[in-house]
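Here is the structure we will look at, set down as structure tokens.
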Amino acid sequence: MSLQPDEELVVYKSSMRIPYRWAAGLIASKFYRHIAQEKKIYATRCPKTQKVLMPPRKSPNGTEDWVEVGPGGEIKSFTVVRYPVPSLNPTTLPIVYALIQLDGADTAFVHQLGEIETDKVKTGMRVTAVFAEKAAGNILDIQYFKPETVEIV
Amino acid sequence: MHRVAIVGVAQTKFAAEKIDQNYAELAYEVVDSLFNQLGIGHSDIDNIVTASSDFWDGRTISSMAVQDAVGAWLKSETKVSSDGTLAVLYGMMRILSGSFGTTLVLAHSKSSEGNQTMLGNAVFDPIYQRQLGFDLVAAGAMQARAYLEKYNLTEADLAEVVVKNLGNATYNPNAQRAMSITVEDALKSNLVADPLRELDIAPNSDGACVLLLAREDLVSKFTDKPVWLTGVGHYQDNYYLGDRDLTTSKSLEKAAAKAYSMAGIINPRKELNVVELYDTFSHQELMWSELLGLAERGRGIDLIRSGVTKLGGELPVNPSGGVLGAHAMFVAGLVRVAEAALQLRGEAGAYQVEGASKALAHGTVGPCGQTHCVWILSNEK
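Heads up: the sequence lines are chains Z and B, in that order.
If you read the first sequence in the numbering used here, its first letter stands for residue 263, the second for the next number, and so on.
If you read the second sequence in the numbering used here, its first letter stands for residue 12, the second for the next number, and so on.
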């Protein structure tokens, strides 16, 4: 079957907006509580491998060993994104995403950079966390990471 | 243990937007084509395994949309919400269980219908990652940079992958993106997420693909050119990107080792005749080639520079143009298996690898290659 010149194909345009309530669990709740109350980042040390995992994970039988990490760390890789990202993140384009390994952690995690020109970002660069003024219980409670400045005493 | 063979394959042309077909019609096109090709009908299919995603299709139990089209009425149909290479694994297992003689394996996807950035963002967990807004492309770009920097490679090296694969795609009538271009041309394409440019990133495609698998005693009923599944390996890696070393993939190394050992392959570079691998981004063809044991780590680029992996080379990689030529999510891995099968049947047309008897087909899913499935296929039992 083919279309006649005066016939149009129907495309039904719609969207799905479904509210969810995702339980963060005991571990992530504690992680976000440390940020909200103390502006400190905590990760967990695996009792078996002794590796400090960021983000924190559950250990057997509640044996989590909480370790403060950061707020400084090192960029392991990054990208400058030039296309619109979902509005979950209100940051304006371009957005620099980076894999950051915080001091004291054995794994890196993804976050975004701020207060830096996109062409100045380099792998291996030192950065430090900037916390959001008001914590909301999500990963943007760390607003972004900015280049670490060396203090001259 | 019984042997299982691919006895027929069919695929659609891949395009950015197939608005003249809904999901069921897309699936029906390939099933109808396969049935006509083999001269078979509904009663010849013992069970069906499909691959698709609820999120990508925008409906729950996405396989329900295609159940009539695949002939699942009063039969057992089950779904893999992941890449099509895993549907082949599931389909083969269903035959090996002794319960079924034939399995129809189908994958369908329409990238044009949902917002790909939002879908690629929903891959990440809502507790620690999603709110950042990054997606599969941004993740792939961070992997590309880590890989390039580790081995002192450049964007021009990535462009060589693009030139080879988009050039190969000009011989493939089903490809969506096919171009005869130079490295300089490729380097002029728009920067999307550094260091990846538009042409380094697989296009978003609509399309479907189907295979028929049969137990060895039933094979002759369908074809005199069976393609035997002789080895397979499937492994997962960590979910969080920062838990992995993104410049390598333990899951792919293990999957390859398992598939090679099952198929009795000792030197893949010498024993394989053709490779179809799932490179969502140009750097991944280099990485995956290395991890499949075809080159030293960091030296995947030499396979392209020396012409080994070009069409007409000693071991062509992605003669169809690969995923850079067309990328219907979840279908693309099944297409790799189908393309490998076409090569082994001598039916790959203008991109036929002469005399191919052993092929590797690879599928991956998840950010930066979290899951890998490696298949070894042979036209000799």
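Note that CB positions come from ideal geometry on N, CA and C, so glycine has one too.
Keep in mind the model is a prediction, meaning the values are calculated, not measured.
For H119 (chain B), which residues in the same chain have their Cβ closer than 7 Å to its Cβ, ignoring the five residues on either side in sequence? Y34, L37, A38, S63, V77, A219 and V342
Taking a Cβ distance cut-off of 9 Å, strictly less, list which residues of the segment 126 to 153 of chain B are near chain Z, in chain order. N126, T128, M129, N132, A133, F135, D136, P137, I138, Y139, Q140, R141, Q142, L143, G144, F145, D146, V148, A149, A150, G151, A152 and M153
Would you identify the three-state DSSP class for A98 (chain B), choosing helix, strand or coil? helix
Complete runs of the alpha helix (DSSP H) confined to the segment 270 to 320 of chain Z [at least 4 residues]: 287 to 300
Would W84 (chain B) be called buried (16 or more neighbouring beta carbons within 10 Å of its own) or exposed? exposed
Does Y251 (chain B) come within less than 9 Å of chain Z when only Cβ atoms are used? yes
Exposed unless 16 or more other CB atoms sit within 10 angstroms - verdict on P184 (chain B): exposed
Establish whether the CB of V203 (chain B) and some CB of chain Z are separated by less than 9 Å. yes
Just tell me which of Z:T311, Z:L265, Z:R307 and Z:M316 has its CA closest to the CA of H373 (chain Z). Z:M316
How would you write the range of the alpha helix (DSSP H) that V42 (chain B) sits in, first residue to last? Y34 to L49
Residues that A157 (chain B) contacts on chain Z, provided the C-beta gap is smaller than 8 Å: K338, S339, L361 and T385
Does the segment 183 to 197 of chain B come within contact of the segment 310 to 317 of chain B, defined as at least 3 CB pairs closer than 8 Å? no
Given that a residue counts as buried once 16 or more other Cβ atoms are within 10 Å of its Cβ, and exposed if not, what is A398 (chain Z)? exposed
When B:G332, B:F46, B:S74 and B:L371 are compared against N176 (chain B), the one with the closest alpha-carbon: B:G332
By Cβ distance, which residues of its chain are closer than 8 Å to R344 (chain Z), with the 5 residues on each side in sequence left out? L355 and P356
Measuring straight from C-alpha to C-alpha, what distance separates I138 (chain B) and L402 (chain Z)? 11 Å
State the Cα-Cα distance for the pair E28 (chain B) and G336 (chain B), rounded to the nearest angstrom. 15 Å
In three-state terms, what does DSSP make of S120 (chain B)? strand
In whole angstroms, what is the alpha-carbon distance linking V81 (chain B) and M263 (chain Z)? 20 Å
Do V243 (chain B) and E287 (chain B) come within 9 Å of each other at the CB atom, strictly closer than that value? no
Does any residue of chain B bring its CB to less than 9 Å from the CB of F393 (chain Z)? no
Endpoints, the beta strand (DSSP E) within which A370 (chain B) is located: K369 to V376
Going along the chain, which residues of the segment 21 to 39 of chain B sit with their C-beta nearer than 8 Å to a C-beta in chain Z? I30 and D31
Using DSSP's beta-bridge definition, name the partner residues of F371 (chain Z). Z:I362
If K86 (chain B) sits next to I51 (chain B), beta carbons under 8 Å apart, how far is it from one beta carbon to the other, in whole angstroms? Going by Cβ atoms, the distance from K86 (chain B) to I51 (chain B) rounds to 14 Å, so no, they are not a contact pair.
Skipping 5 residues on each side, what residues in its chain have a beta carbon closer than 7 Å to that of E391 (chain B)? S368
List the residues that DSSP assigns as beta-bridge partners of W328 (chain Z). Z:T306
Residues of chain B with a CB under 7 Å from the CB of H373 (chain Z): which are they? L143
For the segment 264 to 288 of chain Z, which residues have a beta carbon sitting closer than 7 Å to at least one beta carbon of chain B? L271, V273, M278, W284 and A286
Rounded to the nearest angstrom, how far is the Cβ of L97 (chain B) from that of G377 (chain B), given a contact under 8 Å? So it is not a contact: roughly 11 Å between Cβ atoms.
Taking a cut of 7 Å between CB atoms, which residues from the segment 46 to 78 of chain B lie near chain Z? G69
Nearest-angstrom Cα distance between N132 (chain B) and W239 (chain B)? 38 Å
Between the segment 89 to 109 of chain B and the segment 383 to 390 of chain B, can you find at least three pairs of beta-carbon atoms closer than 8 Å? yes
From A150 (chain B) to R255 (chain B), what distance separates their C-alpha atoms? 12 Å
Are the beta-carbon atoms of P409 (chain Z) and L364 (chain Z) separated by less than 9 Å? no
Contact check, V148 (chain B) vs I212 (chain B), beta carbons under 9 Å: yes
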